[in-house]
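Asker: In full-length UniProt numbering, the protein residues as written are 1 to 358. Just so you know, even glycine gets a beta-carbon here, dropped at the ideal spot from N, CA and C. All of these numbers come straight from a predicted model, not from anything done at the bench.
1. Output the residue ranges of the beta strand (DSSP E) runs that lie fully inside the segment 182 to 228 and measure 3 residues or longer, sorted by chain position.
2. Do residue 376 and residue 88 have their C-beta atoms within less than 7 angstroms of each other?
3. At what residue ranges does the UniProt domain "ChlI/MoxR AAA lid" (268 to 334) contain a whole run of the beta strand (DSSP E), taking only runs of 3 or more?
4. Can you tell me where the beta strand (DSSP E) with residue 88 in it begins and where it stops?
5. Would you call residue 284 buried or exposed, if buried means 16 or more other Cβ atoms sit within 10 Å of its Cβ?
6. Going by DSSP in three states, residue 349 sits in which element: helix, strand or coil?
7. Identify whether residue 38 lies in helix, strand or coil by the three-state DSSP scheme.
8. Excluding the five sequence neighbours on either side, which residues of its own chain have a C-beta within less than 6 angstroms of the C-beta of residue 104, listed in chain order?
9. Quick one: using the 10 Å Cβ neighbour count with 16 as the cut-off for buried, is residue 80 buried or exposed?
10. With the cut-off set at 7 angstroms, would you say residue 117 and residue 166 are in Cβ contact?
11. Buried or exposed for residue 319, please, with buried defined as at least 16 other CB atoms from any protein chain shown within 10 angstroms of its CB.
12. My output table needs one value for residue 266: the three-state DSSP class, helix, strand or coil.
13. For the beta strand (DSSP E) that residue 237 lies in, which residues bound it at each end?
14. Tell me the DSSP secondary structure of residue 253 in three-state form.
15. Under 7 angstroms between the Cβ atoms of residue 289 and residue 247?
16. When you compare the CB positions of residue 56 and residue 234, do they come within less than 7 angstroms of one another, or not?
17. Look at the Cβ atom of residue 108, then the Cβ atom of residue 53, and state whether they are nearer than 7 angstroms.
18. Nearest-angstrom Cα distance between residue 102 and residue 342?
19. Output the boundary residues of the alpha helix (DSSP H) element that contains residue 68.
20. Would you mind reading off the limits of the beta strand (DSSP E) that contains residue 103?
21. With DSSP collapsed to three states, give me the class of residue 118.
22. What whole-angstrom Cβ distance do residue 106 and residue 147 have, given they're in contact under 8 angstroms?
23. Considering just the uninterrupted stretch of the beta strand (DSSP E) at residue 80, what are its terminal residues?
24. What residue range is occupied by the uninterrupted beta strand (DSSP E) comprising residue 153?
25. Could you check if residue 311 is buried or exposed, using at least 16 other CB atoms within 10 Å of its CB as the buried criterion?
26. Opposite residue 140 in the DSSP bridges: which residues?
27. What residues in its chain sit with their C-beta under 7 angstroms from that of residue 294, if we drop five residues either side in the sequence?
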């Protein structure tokens, strides 16, 4: 998803409580409370994280918001773009805002799976094998240039990202909570890169393309980043316990049956499209709904609107869709086809008959 056309909060009902939403239409989507007593602390913590990121990353507020959405939805994010636009800096800045354990993996062609997950080493003193943890044993794992490693090494993250555990030599080890992989990659056309397998791409909740900054943001970057590292200006604004409380609130966001049916209809439309060789998986739809709940919470609501789903569809589904050869050769893109599908899938209506889409 291009951060310049982002998953911004919907214009309808932004910041409105269930009883105050525009035109009273929220009653159809809000049927229960999502711990309203901690709504203020949630908003303050989210604002602090975004403000800290925006002091470092110039002109990428929407990308920062989407990364936070993925964190609160307990997903993983893939930052894809050309070198030098701030992918790794965004990942490191997010990690700096949280008082938690952070590791970084620099993916290279000679990196082994055991370099990622850990390895059992024989202890001469005890005459036993002992497991030495790899860099995945952290709250936030920054995987830099993930598509420069072989498919075998990339696949070492599959179990970690889906089941939040590592199995080595018959032993299973739980990972930290919260656990998030923030991976960066260059476009597959760049020299020395390997495309991520479909199963690996499906583990990432969202893909973000940062794009180049606008003129004013680039000038501000040149002025502010000359003498010191921008990361020096960032410190932890929340801790692990606060993040856990925020994700708990997101889990309690209410989703109506109509919104669930709308989400499934989008997924089915991708599977039936003649120009798509691979559509959205059930895992993709589950992650889309989780992201929509986080998006709603960041917008100040305790219920999900269809607009939350449609705004995040490209970021969550776009990297999972695979075009057939004819569509790819004709210049079609997954994002373009997805936009066409969204325009054709019926949007649930409010009791007053208004289609809830901008």
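Answerer: Let's see:
1. 206 to 208
2. Summary: the structure shown does not reach residue 376, with the chain confined to residues 1 through 358, and so no result is reported for it.
3. 276 to 278
4. Along the chain shown, read from residue 1 onward, the residue named residue 88 stands at position 88. Premise fails: residue 88 lies in the alpha helix (DSSP H), 87 to 96, not in any beta strand (DSSP E).
5. Taking the chain shown and counting its residues from 1, the one referred to as residue 284 is at position 284. That one is buried.
6. As a first step, residue 349 must be located in the chain shown, where it is residue number 349. Looking at residue 349 - three-state DSSP - the assignment turns out to be strand.
7. Residue mapping note: residue 38 aligns to position 38 of the chain shown, counting from 1. Looking at residue 38 - three-state DSSP - the assignment turns out to be helix.
8. As a position in the chain shown, residue 104 is number 104, starting the count at 1. 142, listed in sequence order.
9. In the chain shown, the residue the question calls residue 80 occupies position 80. Residue 80 should be labelled buried.
10. Numbered from 1 along the chain shown, position 117 holds the residue referred to as residue 117. Numbered from 1 along the chain shown, position 166 holds the residue referred to as residue 166. It is a contact, given that the beta carbons lie within the stated cut-off.
11. Mapped onto the chain shown, residue 319 falls at position 319. So residue 319 ends up on the buried side.
12. Taking the chain shown and counting its residues from 1, the one referred to as residue 266 is at position 266. Three-state result, residue 266: helix.
13. As a position in the chain shown, residue 237 is number 237, starting the count at 1. It is not in any beta strand (DSSP E) - residue 237 carries neither H nor E in the DSSP assignment.
14. For the purposes of this step, residue 253 is taken as the residue at position 253 of the chain shown. Coil.
15. By one-based count along the chain shown, residue 289 stands at place 289. By one-based count along the chain shown, residue 247 stands at place 247. For residue 289 and residue 247, no; Cβs fall outside 7 angstroms.
16. The residue labelled residue 56 in the question sits at position 56 within the chain shown. The residue labelled residue 234 in the question sits at position 234 within the chain shown. Going by C-beta atoms, residue 56 is nearer than 7 angstroms to residue 234.
17. The residue given as residue 108 occupies position 108 in the chain shown. The residue given as residue 53 occupies position 53 in the chain shown. Not closer than 7 angstroms, so no.
18. The sequence position of residue 102 within the chain shown is 102, counting from 1. The sequence position of residue 342 within the chain shown is 342, counting from 1. Their Cα atoms are separated by approximately 38 angstroms.
19. Within the chain shown, residue 68 is the residue found at index 68, counting from 1. Note, residue 68: alpha helix (DSSP H), 61 to 72.
20. Locating residue 103 in the chain shown gives position 103, where the first residue counts as 1. 102 to 106 is the extent of the beta strand (DSSP E) around residue 103.
21. What you label residue 118 is simply residue 118 of the chain shown in a count that begins at 1. In this structure, residue 118 counts as strand in the three-state DSSP scheme.
22. Your numbering for residue 106 matches position 106 in the chain shown. Your numbering for residue 147 matches position 147 in the chain shown. That pair is no contact at about 13 angstroms.
23. Sequence index remark: in the chain shown, residue 80 carries index 80 (1-based). Taken as a continuous stretch (DSSP letters only), the beta strand (DSSP E) holding residue 80 covers 77 to 80.
24. Start at 1 with the first residue of the chain shown, and residue 153 comes out as number 153. Premise fails: residue 153 lies in the alpha helix (DSSP H), 151 to 154, not in any beta strand (DSSP E).
25. Here the question's residue 311 lines up with position 311 in the chain shown. Buried: at least 16 other Cβ atoms inside 10 Å.
26. The sequence position of residue 140 within the chain shown is 140, counting from 1. Per DSSP, 102, 180.
27. On the chain shown, position 294 is the one that residue 294 refers to. Contacts found: 69, 72, 73, 250.
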